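Below: one structure, written as structure tokens.
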Amino acid sequence: MTEDQALTEEQIQEFLNTYSHWELRDGWIRRKYATPGWPHTLMLVNTIGYLAEAGNHHPDLSVGYAAVTVKLQTHKVRAITGKDISLAEKIEETVLWQPAEDSALDGFPKKWVH
């Protein structure tokens, strides 16, 4: 598979079955993240921006006071590719991370990104 080859519906559905908060709509995979408020929204946007730049693959973002919507599609082929799935998985892994119960870290005391 070349890096810009469109994924099949079955491949996209496999991703969606694993990451249930993501959806396929209008040719994009997308997810809305809720945050505790503006400072966390900005941190989330910056984190996603960092990951996107590191991977050289860039999502479309919609930003509100306490929410960020991420939309991914490989613009070059106007379809979902492995690049989109890989970036979505990295975003999920990074922004939903919380310290384990037995961690020396306390974790944020209020509702975190979800």
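Residue numbers (my numbering): 24 to 137.
A virtual CB, placed ideally from N, CA and C, is assigned to each residue, including glycine.
This one's a predicted model, so the numbers in the text were calculated from it and none came from an experiment.
As the crow flies, the alpha-carbon of D107 is around 34 angstroms from that of A127. Take the alpha-carbon of V118 and the one of Y42: they are about 14 angstroms apart.
Distance check between D83 and each of Q96, L74 and Q36 places Q96 closest, using alpha-carbon atoms only. The alpha-carbon separation between V93 and T31 amounts to approximately 21 angstroms.
Taking C-beta separations shorter than 8 angstroms and ignoring five residues to either side along the sequence, the partners of Y56 in its chain run L67, A90, V91, T92, V93, V118, V136 and H137, following chain order. Cβ neighbours of G50 within its own chain (closer than 8 angstroms, five residues either side excluded): Q96, R101, A102 and I103.
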